[in-house]
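Trainee:
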Amino acid sequence: MGGGNQSAVSEFVLMGLCHSWNTRILLFVIFLVLYLIIVPGNIVIVTLIVTDPHLHSPMYFLLANLSFVDMWLSSITTPKMIVDFLRENKTISFNGCMSKVFLAQLIAALEMVLLVVMAYDRYMAICKPLHYFTIMSLQRCIGLVVTAWTIGFVHALSQVVVIAQLPFCGLREVDSFFCDRPLVVKLACVDGYSIETFMSINCGFVAITSFVMLLISYTHILTTVCKSSKTGASKALSTCSAHITVVVLFFGPCIFLYVWPLSITWMDKFLAVFYSVFTPLLNPVIYTLRNKEMKNAIKRFGNYRID
5 MGGGNQSAVS EFVLMGLCHS WNTRILLFVI FLVLYLIIVP GNIVIVTLIV
55 TDPHLHSPMY FLLANLSFVD MWLSSITTPK MIVDFLRENK TISFNGCMSK
105 VFLAQLIAAL EMVLLVVMAY DRYMAICKPL HYFTIMSLQR CIGLVVTAWT
155 IGFVHALSQV VVIAQLPFCG LREVDSFFCD RPLVVKLACV DGYSIETFMS
205 INCGFVAITS FVMLLISYTH ILTTVCKSSK TGASKALSTC SAHITVVVLF
255 FGPCIFLYVW PLSITWMDKF LAVFYSVFTP LLNPVIYTLR NKEMKNAIKR
305 FGNYRID
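Okay, structure coming up:
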């Protein structure tokens, strides 16, 4: 992946979030605790959905996939960020940096498409309930998830192939806690305007297309809900509100980071932390603590373990 570039720059230096030792220790504790919640929390969601027959439905199948992806979203950057809080010399190899760029772009695009698929699932469940289980069969769900992975892989590969071929011959300091794509491109020894424009368009196509499809889906859902009974409307809105919350909190930072970069260092770092740490925390919090069926599944699992 590195090619000839490694002869000029073999590693990059990550500047991290801050320089104060006391602040770094505080952040080390905070992010370590959050990471130890994120991974087990999402593992619990996947385990419950796989083992509990009451959760064997298209919605929870897609939620299990989203939880699996969120574990990787956090694991790409958070463990190294936590370790680097205790280090003065925060370096990453050229190949390691390119791998981080690839995985970050893969997971970002994959999660966007998965959120669209989940909105499509809710649209079918609410707007076409009589045909729901026929349309959202297991084969269809698997096909949609495979499509999401394919789109994410193609998107990430198109980004990293271009970046890996850039000449890096001087500056090697990445002013962040991970190899963020826009920051790495700025270190190239060429005018990166055209390259950054291409990549922003590439990311924008995936992000904006997904966001528009989400808006269309939820508009149809809300229109249908307004015409239904109060009981059905309340349940549908409760389910969709969790999805919409995740969509807004995920797409906001992602669009500003990769489609319309702000070029404000502290804001970029804040959005990157929010996107990579707090967004994966949403699944255990929003989908489990607010979901009656998931809470019942936890109780059943607990009773089974006791028996």
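Numbering of the sequence shown is given in the numbering used here, commencing with residue 5 and proceeding in unit increments. Where is the CB? At the ideal position from N, CA and C, for every residue including glycine. These numbers come from a predicted model, not from an experiment.
Are there 16 or more other CB atoms within 10 angstroms of the CB of residue 197, so buried, or fewer, so exposed?
Mentor: exposed
Trainee: State buried or exposed for residue 30, treating a residue as buried only when at least 16 other CB atoms are found within 10 Å of its CB.
Mentor: Classification of residue 30: exposed, given that the 10 Å Cβ count is below 16.
Trainee: Report the option in 276, 127, 99, 160 whose CA atom is closest to the CA atom of residue 184.
Mentor: Of the listed residues, the one whose Cα sits closest to residue 184 is 276.
Trainee: Let me confirm a value: residue 91 is counted as buried when at least 16 other C-beta atoms fall within 10 Å, else exposed. Which label applies?
Mentor: exposed
Trainee: Along the chain, where does the alpha helix (DSSP H) containing residue 53 start, and where does it finish?
Mentor: Membership of residue 53 in the alpha helix (DSSP H) is indicated by the continuous run 25–55.
Trainee: Taking 8 Å as the cut-off, decide whether the C-beta atoms of residue 57 and residue 140 are in contact.
Mentor: no
Trainee: Select from 247, 28, 76 the residue whose C-alpha is nearest the C-alpha of residue 88.
Mentor: The candidate whose alpha carbon is nearest that of residue 88 is 28.
Trainee: Within 10 Å of its beta-carbon, does residue 135 have 16 or more other beta-carbons around it, so buried, or fewer, so exposed?
Mentor: exposed
Trainee: Check the DSSP bridge columns for residue 255 and list the partner residues they point to.
Mentor: DSSP lists no partner for residue 255.
Trainee: Kindly give me the distance between the Cβ atoms of residue 130 and residue 225, rounded to whole angstroms, as I take these residues to be in contact under 8 Å.
Mentor: 5 Å
Trainee: How big is the Cα-Cα spacing for residue 150 and residue 107?
Mentor: 17 Å
Trainee: Contact between the segment 214–223 and the segment 186–201: three or more CB pairs below 8 Å?
Mentor: no
Trainee: In the DSSP output, which residue or residues are listed as bridge partners for residue 15?
Mentor: 97
Trainee: The ligand SAM and residue 67: does the residue's C-beta get closer than 7 Å to at least one heavy atom of that ligand?
Mentor: By its list of ligands, the structure shown contains no ligand whatsoever, and the ligand SAM lies outside what it can speak to.
Trainee: With distance defined between alpha-carbon atoms, name the residue in 168, 115, 49 nearest to residue 100.
Mentor: 168
Trainee: Evaluate contact between the segment 108–119 and the segment 246–261, counting only Cβ atoms and requiring at least three cross-stretch pairs below 8 Å.
Mentor: yes
Trainee: Decide yes or no for the touch test of the segment 60–78 against the segment 40–50: beta carbon pairs closer than 8 Å, at least 3 of them.
Mentor: yes
Trainee: What separation, rounded to the nearest whole angstrom, lies between the Cα atoms of residue 93 and residue 210?
Mentor: 36 Å
Trainee: Provide the residue(s) that pair with residue 178 in DSSP beta bridges, ordered along the chain.
Mentor: Its beta-bridge partners are 18.
Trainee: Between which two residues does the alpha helix (DSSP H) holding residue 163 run?
Mentor: 142–168
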